[in-house]
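Working notes, beginning with the structure itself.
Right, here's the structure in full:
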């Protein structure tokens, strides 16, 4: 691939890895407008996301197997086309039962078809020596896409009148964009990456081999800890609003500022990881993540500690997204064969993304049971416990790689 083709391919990976989640996570931006347009209860809104999460979790493993049998170009294009077509159905504001089916379809297209293919394509895109930078660019690019898309979608919604019709038009816009992106992936991504389609197909023997690799389970624990922490960061806005008494605007500013940290943290972490080694960098990021949540869990919040809040939110957000931008680089450093990258990613993801199922509900349960500052402290202590598991796993990987070098 030429330099232009190479960076165009990475751009398409970033955009595809972002847009695939816009429709199932539409309520993240338009919760109330979507609820009003569809006439759903909050329970029904929650069930839609639970359906998406449950199907995604089941789909990760077969998705990894697919990624080792078919080229990323074919899989990513297929995922985007099916996602877009389901989106056009979604834009008609169908019944709750139809929406359940659509959210299940999106769980299959995102986790079962696109995810492992994207991770494998990214590994193929970079060299053996710059895997940290490669995955950092992917995560940073996905985050930049999300920040820009959020702004664009809100602008379109506002200019469309902010009513039920505006909700439908926004969904149509997302679906159309997804379809155009599918065409570009089909036309561009066949260069270079599709050559890996000729690799030997993964069999039961290779799957058993992957399951016996300790590093696979350790990477899964690191990602599970990071994903738990990522859900923890979602509670920063209400924490700042209720405990530090910043009000809705001040709490919202904390949330917006957090989003602007994410792309730069992921990209910078990738370059840093390549400089000192992914395992060493990831261990450091895990320690920062654990320490930050532990401090939030132990230090009572108050307006007098506002500088502490801002600094710790920035440090925690940077650490979490630094990990998201580097943890898959451990596949290369841990000598996981390229031919089984998809299957390895699928196995890892089944374990790693279980927090998507329990963290949203658990967070609400804790905060309802312990109103006020104490609820947030218990929640952050719980997150710090999971983060400590990540530290332990990262330490074992670091020690293992040091022994391999010696």
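In the numbering used here, the protein residues as written are 1264 to 1669.
Think of the CB as a built atom: it goes at the ideal place given N, C-alpha and C, for glycine as much as any other residue.
Nothing here was measured: the structure is a model prediction, and the numbers come from that model.
With residue i and residue j assumed to form a contact (beta carbons below 8 Å), what rounded beta-carbon distance in angstroms separates them?
i: residue 1484; j: residue 1658; result: At roughly 11 Å, the Cβ-Cβ gap does not stay under 8 Å, so residue 1484 and residue 1658 are not in contact.
i: residue 1489; j: residue 1653; result: 6 Å
i: residue 1668; j: residue 1537; result: The pair is not a contact, with the Cβ atoms about 16 Å apart (cut-off 8 Å).
i: residue 1646; j: residue 1491; result: 6 Å
i: residue 1496; j: residue 1521; result: 6 Å
i: residue 1282; j: residue 1440; result: 7 Å
i: residue 1581; j: residue 1528; result: 4 Å
i: residue 1482; j: residue 1590; result: 6 Å
i: residue 1326; j: residue 1378; result: 6 Å
Within its chain, find whatever has a CB closer than 6 Å to the CB of residue i; leave out the 5 residues flanking it on each side and keep chain order.
i: residue 1459; result: Note that residue 1459 has pLDDT 46, beneath the 50 cutoff, so the model's placement of it is unreliable and no number is given.
i: residue 1672; result: In this structure the chain extends from 1264 to 1669, so residue 1672 is not present and cannot be described.
i: residue 1442; result: 1347
i: residue 1633; result: 1641
i: residue 1409; result: 1281
Given residue i, which residues of its chain have a CB within under 7 Å of its CB, disregarding the five upstream and five downstream residues?
i: residue 1563; result: 1636
i: residue 1613; result: 1320, 1323, 1324
i: residue 1518; result: 1499, 1500
i: residue 1618; result: 1487, 1490, 1491, 1494
i: residue 1457; result: Bear in mind that a pLDDT of 47 at residue 1457, under 50, signals an unreliable position, so the number given afterwards is only what the model happens to contain. The residues are 1334, 1336.
i: residue 1595; result: 1386, 1391, 1394
i: residue 1709; result: Within the shown structure, residues of the chain are numbered from 1264 to 1669, placing residue 1709 beyond reach of any answer.
Are there any heavy atoms of the ligand MG lying less than 7 Å away from the beta-carbon of residue i, as far as the coordinates show?
i: residue 1446; result: Inclusion of the ligand MG in the displayed structure is not the case, the ligand content being empty and no account of it being possible.
Given residue i, which residues of its chain have a CB within under 8 Å of its CB, disregarding the five upstream and five downstream residues?
i: residue 1308; result: 1290, 1294, 1297, 1298
i: residue 1550; result: 1654
i: residue 1621; result: none
i: residue 1313; result: 1620
Which stretch, first to last residue, makes up the alpha helix (DSSP H) that contains residue i?
i: residue 1283; result: Taken as a continuous stretch (DSSP letters only), residue 1283 belongs to no alpha helix (DSSP H), as it is neither H nor E.
i: residue 1352; result: 1335-1353
i: residue 1503; result: 1499-1505
i: residue 1357; result: No alpha helix (DSSP H) holds residue 1357; DSSP gives it neither H nor E.
i: residue 1443; result: 1427-1451
i: residue 1374; result: Segment: none, residue 1374 is in no alpha helix (DSSP H) and carries neither H nor E.
i: residue 1423; result: Residue 1423 -> no alpha helix (DSSP H), and no H or E assigned at all.
i: residue 1332; result: Segment: none, residue 1332 is in no alpha helix (DSSP H) and carries neither H nor E.
i: residue 1546; result: 1541-1561
i: residue 1469; result: 1467-1474
Check: Any contact of the region 1561-1572 with the region 1336-1356, i.e. 3+ C-beta pairs under 8 Å?
Finding: no
Notebook entry, point to check: Which runs of the alpha helix (DSSP H) spanning at least 4 residues fall entirely within the region 1590-1637, listed in chain order?
Noted result: 1593-1596, 1604-1615, 1618-1632
Check: Would you say the region 1275-1282 touches the region 1372-1392, given that touching needs at least three Cβ pairs under 8 Å?
Finding: yes
Item checked: the region 1579-1589 contacting the region 1538-1558, beta-carbon criterion three pairs below 8 Å -> yes
Item checked: Given 8 Å, three or more beta-carbon pairs between the region 1525-1537 and the region 1390-1404 -> yes
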